[in-house]
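The structure under discussion appears below in the form of C-alpha cells.
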Amino acid sequence: MKKAFKRILYGGDYNPNQWPREIWQEDMNLFRKANINSATINVFSWAKIQPSEHEYYFDELDEIVEMLSKENYDIVLATSTAALPAWMFKKYPEVARTDYYGRHHKFGQRHNACPNSLVYQKYARRLAEELAKRYGSNEHVTCWHVNNEYGGECFCENCEKAFRVWLKDKYQTIEALNKAWNLEFWGHTVYDWDEIVLPNALSEGIAKDKTAFAGMSIDYRRFNSDSMLENFKMERDAIRSFAPHALITTNLMGTYKNLDYFKWAKEMDIVSWDSYPSYDTPWSMVAMSHDLMRGLKGQPFMLMEQTPSQQNWQPYNSLKKPGQMRAQSYQTLAHGADTIQFFQLRRSVGACEKFHGAVIEHAGTENTRVFREVASLGNELHSLGDQLLGADNPAQVGIIFDWDNYWALEYTSGPNKDLKYVNEIHQYYRYFYEKNIPVDMIPVDADFSKYKAVIAPVLYMLGDGMQPKIESYVKDGGIFVTGFMSGIVDQSDNVYLGGYPGPLRKLAGIWVEEIDALAPEQSNTLRFADGTDSVCHLLCDIIHLEGAVSLADYTSNFYASSPAVTKNAFGLGTVFYIGTQLEQKALEKVLDQVMASSEVKPVIDAKTKLEIICRSSQDKLYYFVLNLTNETLPLPQFFAGKVDILTGKALTGQTSFAPYDVALLCDERQ
Amino acid sequence: MKKAFKRILYGGDYNPNQWPREIWQEDMNLFRKANINSATINVFSWAKIQPSEHEYYFDELDEIVEMLSKENYDIVLATSTAALPAWMFKKYPEVARTDYYGRHHKFGQRHNACPNSLVYQKYARRLAEELAKRYGSNEHVTCWHVNNEYGGECFCENCEKAFRVWLKDKYQTIEALNKAWNLEFWGHTVYDWDEIVLPNALSEGIAKDKTAFAGMSIDYRRFNSDSMLENFKMERDAIRSFAPHALITTNLMGTYKNLDYFKWAKEMDIVSWDSYPSYDTPWSMVAMSHDLMRGLKGQPFMLMEQTPSQQNWQPYNSLKKPGQMRAQSYQTLAHGADTIQFFQLRRSVGACEKFHGAVIEHAGTENTRVFREVASLGNELHSLGDQLLGADNPAQVGIIFDWDNYWALEYTSGPNKDLKYVNEIHQYYRYFYEKNIPVDMIPVDADFSKYKAVIAPVLYMLGDGMQPKIESYVKDGGIFVTGFMSGIVDQSDNVYLGGYPGPLRKLAGIWVEEIDALAPEQSNTLRFADGTDSVCHLLCDIIHLEGAVSLADYTSNFYASSPAVTKNAFGLGTVFYIGTQLEQKALEKVLDQVMASSEVKPVIDAKTKLEIICRSSQDKLYYFVLNLTNETLPLPQFFAGKVDILTGKALTGQTSFAPYDVALLCDERQ
Amino acid sequence: MKKAFKRILYGGDYNPNQWPREIWQEDMNLFRKANINSATINVFSWAKIQPSEHEYYFDELDEIVEMLSKENYDIVLATSTAALPAWMFKKYPEVARTDYYGRHHKFGQRHNACPNSLVYQKYARRLAEELAKRYGSNEHVTCWHVNNEYGGECFCENCEKAFRVWLKDKYQTIEALNKAWNLEFWGHTVYDWDEIVLPNALSEGIAKDKTAFAGMSIDYRRFNSDSMLENFKMERDAIRSFAPHALITTNLMGTYKNLDYFKWAKEMDIVSWDSYPSYDTPWSMVAMSHDLMRGLKGQPFMLMEQTPSQQNWQPYNSLKKPGQMRAQSYQTLAHGADTIQFFQLRRSVGACEKFHGAVIEHAGTENTRVFREVASLGNELHSLGDQLLGADNPAQVGIIFDWDNYWALEYTSGPNKDLKYVNEIHQYYRYFYEKNIPVDMIPVDADFSKYKAVIAPVLYMLGDGMQPKIESYVKDGGIFVTGFMSGIVDQSDNVYLGGYPGPLRKLAGIWVEEIDALAPEQSNTLRFADGTDSVCHLLCDIIHLEGAVSLADYTSNFYASSPAVTKNAFGLGTVFYIGTQLEQKALEKVLDQVMASSEVKPVIDAKTKLEIICRSSQDKLYYFVLNLTNETLPLPQFFAGKVDILTGKALTGQTSFAPYDVALLCDERQ
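Protein chains in written order, with the working numbering: chain A, 12 to 681; chain B, 12 to 681; chain C, 12 to 681.
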C-alpha cells in the first residue's frame, strides 16, 4: 500500500493574491495555531499570471510559493485554467461556451471554456507547462491540481465539428451510426457526417432532460465528458513532461452528473473531491458520495474542499453546529480520505462567495468558534501522524454506479418521469449504511469476484459483455441483486428484444411482461411470504416466474398475486430481483435475506445508530465510531475497554456518545 | 349515408422499414392472428425515400405495399412530410422553424418545417406527387394520410413576410388593419405593411399566453393555422391529380389549440384523430373529444391512433387495465368512429417512443396480455362486419366549440388568469355525458335549427352575423344557453360597446354591469329559487334584469341579492344565462331546467352510471352500453331481453356490468 | 409652502385620439357631471404625431387641447416618448432593447427604447421640443408628464459601450475598478476598459436575481437608472427651454426596483405615481408606498394613476367594492397627494387594457356604479377647494429606504434566498401604521436630526460617511434601530472586515460572530426579558455583547442563551439591534420600547384600528379618519364633537365607521 502523502494534508484553498501583503504574515501566524500544513493555491489566477497573450508574470506566485515552502507546507498547486482571462474572450470569442439554448456566451463566471476550442487548449497547455517548468522541481509542491471542478457542457459549432470526428472514430461508418441511434425512427437517417447536428434545444432536445434520440444525447454526454477529460490529460501531460513524478489530480464533485468519473479516475493519480452537503442531505448520502469517490480508483482520496462553517450558494445556508465539522471530517477520513482541506482559508471580501465560510472569517481573528474548531481538529490530526494514510476500506458488497446508466435512465421518455438515478442507488446504499455494512461503489467493469454480493439497482443499460460477466459471477457463487428498469437497453440505448429484463432474464429466472407506472398519489400493495404487507411506488414490473421463486406478491391492481420480488438460484449463486420501488422497511426485509445468503457481516455485530467504519492498514484495524444523529447513543459492548486514539482515554461499557461525538479505536490486525 | 370503408379498419401505424426483413413475415403471421386488416405506412420515411435532392428510392416501400396488398390490407398511405430529411436542413436552413423566442432551429425532432418555406413546399408537393403517381391506382390504398399531426407554430422571417401578405388580403387597407387591431393604443399605428412585426417574445408577446395586442396574435394564430392548411391542401391536390377518387385525411388531435379544425375539416375527405387520454383524464373529456372530432364534419371519423397499452410521453404512463382498451375502443365506435387503429403495430427498438406500447411488444410474441386483448377485439370487430359503418349519432343538443374563441379567451389580459376555454366547455359537456344525452359539438356556423338546445359557454368572441343568427334561432323556439364572458368582443377582439353581453344583451334580457374576479382561495355564494344554496368561483357577473327572471341570486359580496343565473323568454324560445362558474351540482340544476324546457331526452329514460350511446343506421339503432366506472353496475331494464351482438347472449334483468364491461345491442329503427 | 396646483386635480389619462369625434363631446358632458377638471393626454401618441421621420402632425392634438382648454381643464401634457413608432424600429433597429437573455427585440409593446440609443435620444428630444414650442405657453397646460412609467433594462451593445464610459467616469483607473469589483476573485481582472462585459445571462448573470459579481451588477443597475434619468432630463430640459416655468414630472411606481427614485426625484419638479395594489396587498403596504413617494422630495405628490374599479394585468382582478375607491383616494390624500387621477377616463375598446376599469365603462353611460362613485367623489373634492393643497405630513420617525441596499441585498449569494428587501422594510413600517404613528420614508442622505428615531432595517450596504453620520445623530440623542444584515458591505459590495456589523459595531455595542440561516420549515425561539417567548425565522445573528444589553435571548439551537435583540446607549442616544426576523408581536414589543425611549407619539392617543393621518397646513390640522378594515369601528373620543368637512355633520361619541367610511376633520393649528 503506497502512501500518497507523508502526513494528513490539512489546509485548503488559499488566495493571498486577493489580499494585501500585510495580511499574508497574519495568515501564516494564524494557520500555525491551527496546525494547518497545506495550502491549495493558484486556483483562479490566470488573469494575474498571464495578463496578456505574450506576458507571463510569476513574481507574486513565486512569493507565495516561497512563503509556504518556508513554512514547510504541502503545496497543492492549481493550474488556474478553470476561469479564462477577459482578454482571451475579447480577442478570441470562440473560447466561450454556447449553452444548451444555443446562446454563445461572453466573458463571465468560471468553467467557461469551450473544451474543444483550440485557442483555449493552446493557452491552457502552455500555462500548465510554464507552471511545471517553474515549480515542478519544488519539493513542497506535493500535488498538482489541474483546473477546478470540471463541469458543464458546451454546444458550440466547434464542439459540433469535434463531435462528428468523435462519432466517426467510434462508429466508423455512417450506417453503423444510423443503426446505433435508430435514426430510421422519424426519418432521421443521415447520409453524411456533416448532416449530424449536436443535440440541444434547437435540435433534438425536448426539454433539458428529454430528447428525441437518447442514443445521440448519451453519446453527446460521453463526448463532452471525453472532451474535458482530454483537456485534463493535456494539462497533466504538460506538467508531467517537466515534473515526471508529480501527483496530479483535479477536484471532482461526488455524484455530479455530467462527467464519467470512473473513466476520469483512470487518468488521475489520485482522486480528490469537494463535499458540500445541504442542511437536509442525509448522512447516508454523504457517506455514499465518499464511497463513490474512493471507489473511482479503489484507493484513498483527498477531500479537497469542505466548508468549515457555512456555504453560500445553497438556498438556505445553515451553520455547521459545534462539533459537526469535526464529526464530518472524521466521517470523511473513515470512508477513505487522506486529507482534510477547506474551502477556504480566508473568507473573501467581495463577489459571490463572500458569504461562504472560511477558516479565518471576516472578523479576521482566531477568536471565533469556527477557528477554534478548525485549530482543535488540526491538533488532533497532527497527533494522529501518518498511521491512517493509505489504509484500506475492505468491503464484501459492491454497489454498481454507472454514468452511462445515470444518463440513459434519466433521458428515457416514459414510463415515469420521477425516476431519478441517484435516488434509486441511494435507497439501496442506505440499507448498508444503517447496518454498518461496508460497501464499495463500483463501476460496471469492476472485478465482481472480489464481492460476496453485487447490488445493481436500475441497471438499465447493459453494455457488451455484461451478461456473460454477471452470469459467470453468479455461477461461481456470487449474489446479484437487481430490479425494475434493468437489462432494458444496450449501450446505444436500443432495447434488448425478446422480453425484459433482456440479458438478465435467464439469470433472474423471470420475464417482465409489462411495467406499470404509478403517479405520486398512487401506490400498490404487496405481501411477503411471511405475511407482512407493504406499499410500493413509482413503477411495478409485472413478472412471470421462469424458475425463480416469489418473495413477495402484489396484492392490488389487476396484477395482484403476481410476483413483485423474486429470488433465483443460478449455478452456485443467487439472483434477487426487486420489481418495484419498495418502502425502506420492505427493502430491508429483502436485503436482510441477501445478506443472510451471502454471509456478509457488518463491521461489528451489534445493532446501533452509530456509524461505524473500519479502515485497515497492513497491520492494524482502525474503527471510526461516529454519532451523526440528534440523540445520545450508547457504546456497543464490542468497543468497551478500547482506547480512543483521539483522546487517549479508554472507553467503558458506560461510555455514551453525544451528538457529533467521535471515537477512533485501533486493533491489531489478525 | 355513404360508407367510407368496406369494413372497420383495424390495425395502425406500421414501420417495417425500421426492421430487418425477417421480422416482416413474423409481423404478418401475428397480425393475422389478431384479425388486423389495415396498416398505416410511410409516416416518417422521407429520408429513406428521398435520400438526396435528386434521388427517390421506392424499392422498400414497394415491397411493403406489395406485402400488405397480398394480405388484402386496407393501406393507409402517409406522405412522410411531417419530418424533413437532414440533408434539407443542411442545404436549406430556412426550412427549419423559428420558435416563439426567436431562435431559429436546426435539424431535429419532427413537425419541424416552416409552413411558409418555399423549399419545404416544393419538396413536399413533389413527394406527394411521386407517391400518388406510384401508388394512386393501388386499390389497397384505401386512404391517404397527409403529413402527421400538423401542429406547432413558426415565427421566422418568411412567415413574417407571408403574414403581411395574408393581412393585406384580409384587410385591404392599412387603415382597416390599424382599426381592427386598435393600434392607436400605445401608439402602435403602422403606416406601411412592412412595419408589421409578427407577435412573439421579441415583439408584442408578454408571455407565451399573453400579448399586448390580442387581435394581432389571434390573427397570427389564424394565419398559422391557414398556412399549415395550405400545406395540407397542396399535398391533397397533388395526390388528387393522380388519384382523383382518393380518400384523403390527416390525423388531428382533439381539442388541440393551434389549428382551427372546423376550417380544416372542410378540406378533408374524412376526419381522423389520435386519442391519448392521460391516466387521470375524465371519460367525459374523452367522449367530448370524440364528439368534437365527429362534429368537425358531422360525419363518422377514423380513430387513427390509440395505444394498445401504455404511452411514453405523459409524466406517468399507467398501463391500460384488462378490458380497458376494449371498452375504450367501443366508446370510440359509439361516438362515431369507423376505424380502430393503434400506434403502433410493433414497438420500436430505440429513440423516444420505445416505451410507447404496441400490438407486438418488445417481447416479440403473441404471448402477451396486450396482444391477446388486441386479437380478441380484432375477432369481435371482424364478426361485426360493416353494419356500423357510416351510422349516425343523432343529437338534439349542440354545444358550440370555436377556435377563435379558444384563442381569444385565453389571450385576454384579465379579469382572471385561471379561465381556460376547454375546461369551461367540458364542465357543460359533462352534464350531458352523465345524463346520457347525446350532444353534437358544433361550430359557430352550424345550422342551429337542427337542435332543440344550443349551449354556448364563454362565447366571448361573436363574429359578424352571429347576433341575428342566434336571435332568429331563439325566436323560432330554440333554447340558447350562455353565460359569463360571452358577447364581449367582435372578431377582431374589440369590445362591443354599450354594455355586456353586447349583441346578446337583448336576447338574454340582462345587462352585465361589472365582472368580478375571484382568486382561487375566494368564492361567492348563491341561492336558487328553490331555496338551495351553492358556491361559485372564478368570475361573477353583476347582472341587471332587463326582462329576464332570476333563477339564482348571489348571497354574498356587495352584489348579494343581484341575479347570478337568469332565464329570458325571447320569441318562442328561451335564453338561459349563467353569470358565474357554478359547481357541478348547481349547473345540473340549471341544465335540468334547460332540458325540461327543450324537451330533450336522454338515450334511454333511466338513471345509470353506465355510458349509453346510440348510433343509428338507415334501419337500425345500435346501443353501446359501457361501464367506464370502477363499480359493478346493473343493466337498465330498458335493455332486458335484448341480445348483445358481441357475445350473442341475451341480457336479463339480472345482468350486471363489471368495470370495462361492454354490450352492443341492436333495435330496428321505428 | 408652495402650492403646485390651484385646485385638487381630478381626472386622469384621456385618449380621445382612440375614439371618433362624436364621442368627444359625450366625454365632456359626462366628465362635467363628475366634476372632472383635469386630463392627462398624449401619453402614447408618438406614432400619431410623428408619422414618419420628417413629418409632425399636431392637428388632432390641437383640437384636444383646445377642447379641454375651453372646458377649463388642467391639462397634464405627456410627451409620448414611452412607446416608439413602428417606423423607427424598421429604419433603426438599434432603438430596440436587448433583454437580459441577450435577445435583441423588435417593434412591440412599450417602454421599449434603449436608453442609450442616440437615435432614440435624438427623436425624443426633438419631440419634446416640438410639443413645448407648441403648447408651452398654454396656461391650461398645468403640468408636463415626460414619458411614462420609466422602467426595465437594456443589455445591448450600445449600453455596453456607454457602461464603459460611465465606469471610467466613476472609477478613473482600471485598478480602481478591479479593486471595487474585487475582480481578482475568479481571476476576472481586466486590463482594459474594453474588456468589460455588461452583466447578463451571457456573462456574469447566474439567474435573473443572482450574479457572480454583485458589485458589477449593482453598478449596472445604477448605470441603467442613470441612463433613463438622462433621458428624462434631456426631455425636461427641452421642455424648459420653451416653457421655463413648466411643472415637470414623470409617473413613478412606488417600490419599483429598477430605478433609484431618490436620485430621480432631485431632477423632478414634483413626484407623481401610479398606485395599483392587488386584491391582497395589505393597506399598510399601500400607505408605505405613498409615504415613500412623498418622501422622495419631502413634498406632496400627484397620484397620477389609480383604477376607478378594476385592473387587468393582475392574476385576479377583483372589483373595488362600493366606497373602496373613495376610501383609497382619501388615504392617498392623507399621505400627501394633491391630485387624484385615474387610469383612465374612458375604457379602451381593444388591446391588452380593455379589461382595465375606467370612469366611463364599456357601457358608455353615467348609469354605472363606477361612474356614480367617481362623480360623487368629484363633488366632494370640488367642495374641499384648495385648502389641503401643499399641506405637510409631519413625522418624528424616519424609515430608511435605499435603492442601493434594495439591489445589493437581493443580489447576495447566501445566506438565505428568501430575504426580500421591501418585505423587511414593510414589516417595520406596519408597526407604525397600526399605531397611527406618522413616518417619513427617507433616503440615506436625509437629515436625520429632524427625527427622534431613525429605523434602518437590513442596512446592508453602508456608503462612505454613513458611519460618522449615524454616530453623530445618536450621540446627539437620536434613537437608531437596525438589525441583521446591516453594516456588512461598502458601496462596492465589499465586506467591512473586522467583524459584523462593521461600521455599526461600536454604535450597536455588539459583535455578530455568525449568521445562521433557517429554511422555511425551521424556526428558532427566543425569550424576552419579561419572560415571554416568541419564534423567529429566516436569519439568526449570533451576537456577543460589547457594551449593549440584551432584550431577548435565543432559547434554542446551539446559540441558545446568546442575545437576539440588543440595546446600546451611545452618547445621548440609543441603538437597538434586532438580530433575527421577529414575528410581528415580538417586533411590536421591541418597537414599543423604541417609541418609549424616543417619546414619539401617535397622531392621537387612542388604540384604534382606524387609520388616522394628520396633514398640517400653515394654520390648520387636517385629520383623515379611515376605516380600511372589514369591521365597523367606533370613533375615538378625541374626535367627538368635531365636524366632518366632507359631510358637514358633527361626529359624536356614538358615531361609528362602517367599512370604507371616511371622515375629514379640521383643527386650528396650535
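Even glycine gets a Cβ: it sits at the ideal position worked out from N, Cα and C.
Local Cβ density within 10 Å of residue i, reported as buried at 16 or more and exposed below that
| i | result |
| --- | --- |
| Thr292(B) | exposed |
| Tyr68(B) | exposed |
| Gln352(B) | buried |
| Thr643(C) | exposed |
| Leu129(B) | exposed |
Anticipated Cβ contact below 8 Å, residue i with residue j, distance rounded
| i | j | result |
| --- | --- | --- |
| Ile52(C) | Ile86(C) | 6 Å |
| Thr318(C) | Phe354(C) | 6 Å |
| Arg626(A) | Leu399(A) | 6 Å |
| Ser545(C) | Glu599(C) | Actually they do not touch by this definition, with Cβ atoms about 10 Å apart. |
| Gly198(B) | Trp57(C) | 5 Å |
| Val408(A) | Phe443(A) | 6 Å |
CB contact below 7 Å: residue i versus chain C
| i | result |
| --- | --- |
| Val201(B) | yes |
| Glu206(B) | yes |
| Pro454(B) | no |
| Leu556(B) | no |
Bridge partners - residue i, DSSP secondary structure assignment
| i | result |
| --- | --- |
| Ala651(A) | Answer is none; Ala651(A) lacks a bridge partner. |
| Val614(C) | Bridge partners of Val614(C): none, in fact. |
| Asn262(A) | Ser283(A) |
| Leu314(B) | Trp284(B), Ile351(B) |
| Ile526(A) | Asp552(A) |
| Ala50(A) | Gly23(A), Ile86(A) |
Below-7 Å beta-carbon distance, residue i vs any chain A residue
| i | result |
| --- | --- |
| Gly590(C) | no |
| Lys117(C) | no |
Closer than 7 Å to chain B by CB, residue i
| i | result |
| --- | --- |
| Arg383(C) | no |
| His256(C) | no |
**OP:** Assess, as a yes-or-no matter, whether the region 516–528 of chain B is touched by the region 545–559 of chain B under the definition of 3 or more beta carbon pairs within less than 8 Å.
**Re:** Counting Cβ pairs under 8 Å, three or more are found: they touch.
Original post:
Within the chosen definition, does the region 271–288 of chain A reach the region 433–445 of chain A through at least 3 CB pairs nearer than 8 Å?
Top reply: In this structure the region 271–288 of chain A does not touch the region 433–445 of chain A; the number of beta carbon pairs closer than 8 Å is below three.
Original post:
Are three or more beta carbon pairs between the region 414–425 of chain A and the region 568–575 of chain A nearer than 8 Å?
Top reply: Touching, no, given that fewer than three Cβ pairs across the two stretches are closer than 8 Å.
**OP:** Answer yes if the region 246–254 of chain C comes into contact with the region 135–144 of chain C, meaning at least three C-beta pairs across the two stretches below 8 Å, and no otherwise.
**Re:** When C-beta atoms of the region 135–144 of chain C are compared with those of the region 246–254 of chain C, three or more pairs fall below 8 Å, so the two segments count as touching.
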